[in-house]
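**Student:** UniProt numbering puts the first residue of the sequence shown at 1, with every later residue one more than the last.
Before I ask anything, let me first share the structure, which is written out below as C-alpha coordinates.
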Amino acid sequence: MEWNKKNNMDFIELYRKKSIIWDPQESDHYNKIKKQDAWVEIAEDIGKPVEECKKKMENLLASLRREKMKIKKHFLKYLLLTLVLSHNLYPFFPTSLASVGLSPVTISIKPFPFNITEV
(Lines of atoms letter the chains of each structure in order from A and count residues from 1; the text may use other names and numbers.)
(Lines give C-alpha, C1' and ligand atoms only; values in the text may rest on other atoms or scores of the structure.)
Protein backbone atom coordinates (compact mmCIF):
# COMPACT_ATOMS: atom_id res chain seq x y z
CA MET A 1 0.00 0.00 0.00
CA GLU A 2 1.37 3.37 -1.04
CA TRP A 3 1.06 6.58 0.96
CA ASN A 4 -1.54 8.89 -0.55
CA LYS A 5 -3.62 11.79 0.70
CA LYS A 6 -6.39 9.58 2.11
CA ASN A 7 -3.89 7.26 3.84
CA ASN A 8 -2.08 10.28 5.25
CA MET A 9 -5.31 11.75 6.62
CA ASP A 10 -6.32 8.40 8.16
CA PHE A 11 -2.83 8.03 9.62
CA ILE A 12 -2.90 11.54 11.11
CA GLU A 13 -6.32 10.88 12.64
CA LEU A 14 -5.09 7.62 14.22
CA TYR A 15 -2.01 9.43 15.54
CA ARG A 16 -4.15 12.24 16.92
CA LYS A 17 -6.29 9.74 18.85
CA LYS A 18 -3.20 8.20 20.50
CA SER A 19 -2.32 11.20 22.65
CA ILE A 20 -0.02 9.03 24.75
CA ILE A 21 2.52 9.36 21.90
CA TRP A 22 2.54 13.15 21.51
CA ASP A 23 1.06 14.71 24.68
CA PRO A 24 3.55 15.10 27.56
CA GLN A 25 0.60 15.87 29.88
CA GLU A 26 -0.70 12.34 29.33
CA SER A 27 -0.02 10.19 32.41
CA ASP A 28 1.64 7.35 30.44
CA HIS A 29 3.52 9.54 27.96
CA TYR A 30 6.90 8.57 29.43
CA ASN A 31 6.08 4.86 29.53
CA LYS A 32 8.01 3.46 26.54
CA ILE A 33 6.10 0.17 26.49
CA LYS A 34 2.69 1.83 26.30
CA LYS A 35 3.91 4.26 23.65
CA GLN A 36 5.26 1.36 21.60
CA ASP A 37 1.92 -0.44 21.99
CA ALA A 38 0.15 2.67 20.68
CA TRP A 39 2.48 2.75 17.66
CA VAL A 40 1.81 -0.96 17.04
CA GLU A 41 -1.95 -0.31 17.06
CA ILE A 42 -1.55 2.55 14.58
CA ALA A 43 0.68 0.43 12.34
CA GLU A 44 -1.80 -2.46 12.36
CA ASP A 45 -4.71 -0.15 11.54
CA ILE A 46 -2.85 1.51 8.67
CA GLY A 47 -1.23 -1.71 7.43
CA LYS A 48 2.39 -0.55 7.59
CA PRO A 49 5.41 -1.45 9.74
CA VAL A 50 5.86 0.53 12.97
CA GLU A 51 9.19 2.03 11.87
CA GLU A 52 7.70 3.23 8.60
CA CYS A 53 4.82 4.87 10.50
CA LYS A 54 7.23 6.62 12.87
CA LYS A 55 9.33 7.85 9.93
CA LYS A 56 6.21 9.03 8.08
CA MET A 57 5.04 11.01 11.11
CA GLU A 58 8.50 12.52 11.49
CA ASN A 59 8.34 13.62 7.83
CA LEU A 60 4.80 14.99 8.15
CA LEU A 61 5.73 17.01 11.23
CA ALA A 62 8.84 18.37 9.48
CA SER A 63 6.68 19.40 6.50
CA LEU A 64 4.24 21.10 8.86
CA ARG A 65 7.05 23.04 10.55
CA ARG A 66 8.44 24.09 7.14
CA GLU A 67 5.04 25.31 5.91
CA LYS A 68 4.39 27.20 9.14
CA MET A 69 7.77 28.93 8.80
CA LYS A 70 6.97 29.90 5.20
CA ILE A 71 3.67 31.42 6.30
CA LYS A 72 5.33 33.25 9.18
CA LYS A 73 8.14 34.51 6.96
CA HIS A 74 5.79 35.82 4.27
CA PHE A 75 3.39 37.28 6.81
CA LEU A 76 6.21 39.22 8.48
CA LYS A 77 7.47 40.46 5.10
CA TYR A 78 4.03 41.74 4.09
CA LEU A 79 3.38 43.16 7.53
CA LEU A 80 6.62 45.13 7.40
CA LEU A 81 5.85 46.32 3.86
CA THR A 82 2.37 47.43 4.90
CA LEU A 83 3.68 49.24 7.96
CA VAL A 84 6.31 51.06 5.94
CA LEU A 85 3.91 52.01 3.17
CA SER A 86 1.08 53.03 5.46
CA HIS A 87 3.34 55.12 7.66
CA ASN A 88 4.53 58.61 6.83
CA LEU A 89 7.66 57.20 5.20
CA TYR A 90 6.14 56.88 1.73
CA PRO A 91 6.68 60.58 0.77
CA PHE A 92 10.41 59.85 0.77
CA PHE A 93 10.18 57.42 -2.12
CA PRO A 94 7.05 58.22 -4.16
CA THR A 95 8.75 57.62 -7.51
CA SER A 96 9.73 54.06 -6.62
CA LEU A 97 6.15 53.29 -5.54
CA ALA A 98 4.70 54.81 -8.69
CA SER A 99 7.13 52.89 -10.88
CA VAL A 100 5.74 49.58 -9.66
CA GLY A 101 2.13 50.79 -9.55
CA LEU A 102 1.78 50.82 -5.78
CA SER A 103 0.39 53.34 -3.37
CA PRO A 104 -0.19 53.06 0.37
CA VAL A 105 -3.92 52.85 -0.22
CA THR A 106 -3.82 49.85 -2.59
CA ILE A 107 -1.98 47.44 -0.29
CA SER A 108 -3.96 45.24 2.07
CA ILE A 109 -3.29 42.01 3.92
CA LYS A 110 -5.89 39.29 3.74
CA PRO A 111 -5.90 36.32 6.13
CA PHE A 112 -4.37 33.17 4.73
CA PRO A 113 -6.86 30.28 4.73
CA PHE A 114 -4.83 27.62 6.54
CA ASN A 115 -6.31 24.32 7.54
CA ILE A 116 -3.89 22.07 9.39
CA THR A 117 -5.77 18.93 8.36
CA GLU A 118 -4.92 19.55 4.69
CA VAL A 119 -1.15 19.57 5.24
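By construction, the Cβ of each residue, glycine as well, lies at the ideal position given by its N, Cα and C atoms.
Look at residue 14 and residue 42 and say whether their C-beta atoms are less than 8 Å apart.
**Tutor:** Numbered from its first residue, the sequence shown carries residue 14 at position 14. Numbered from its first residue, the sequence shown carries residue 42 at position 42. Result yes, Cβ atoms of residue 14 and residue 42 sit closer than 8 Å.
**Student:** To the nearest angstrom, how far is it from the Cα of residue 21 to the Cα of residue 2?
**Tutor:** Reading the sequence shown from its first residue, position 21 is the one you call residue 21. Reading the sequence shown from its first residue, position 2 is the one you call residue 2. Each residue's Cα considered, the two are about 24 Å apart.
**Student:** Keeping to the same chain, check which residues put their C-beta closer than 8 Å to that of residue 38; ignore five residues upstream and five downstream.
**Tutor:** In the sequence shown, residue 38 corresponds to position 38, counting from 1. Answer for residue 38: 18, 20, 21, listed in chain order.
**Student:** Where residue 29 and residue 81 are concerned, what is the direct C-alpha to C-alpha distance, given to the nearest angstrom?
**Tutor:** Reading the sequence shown from its first residue, position 29 is the one you call residue 29. Reading the sequence shown from its first residue, position 81 is the one you call residue 81. Whole-angstrom Cα-Cα distance: 44 Å.
**Student:** Can you name the start and end residues of the alpha helix (DSSP H) that residue 22 belongs to?
**Tutor:** As a first step, residue 22 must be located in the sequence shown, where it is residue number 22. 19-22 is the span of the alpha helix (DSSP H), which, as asked, contains residue 22.
**Student:** Out of 78, 67, 76, 60, which one is the CA nearest neighbour of residue 16?
**Tutor:** Walking along the sequence shown from the start, residue 16 turns up at place 16. Comparing Cα positions, the closest option is 60.
**Student:** Quick check on residue 11: buried or exposed, where buried means 16 or more other Cβ atoms within 10 Å of its Cβ?
**Tutor:** To locate residue 11, count along the sequence shown from 1; it is residue 11. Classification of residue 11: buried, given that the 10 Å Cβ count is 16 or more.
**Student:** Could you give the residue range of the alpha helix (DSSP H) that holds residue 36?
**Tutor:** Taking the sequence shown and counting its residues from 1, one reaches residue 36 at position 36. First-last of the alpha helix (DSSP H) with residue 36: 32-46.
**Student:** Within the same chain, show all residues whose beta-carbon is closer than 6 Å to that of residue 7, passing over the 5 residues directly before and after it, in chain order.
**Tutor:** Stepping through the sequence shown from its first residue, residue 7 is reached at position 7. For residue 7, where only same-chain residues beyond five positions count, there are no Cβ hits under 6 Å.
**Student:** Check each candidate in 78, 23, 56 and name the one with the smallest Cα separation from residue 5.
**Tutor:** Position 5 of the sequence shown, counting from 1, holds the residue named residue 5. Residue nearest to residue 5 within the set 78, 23, 56 is 56 (criterion: CA-CA distance).
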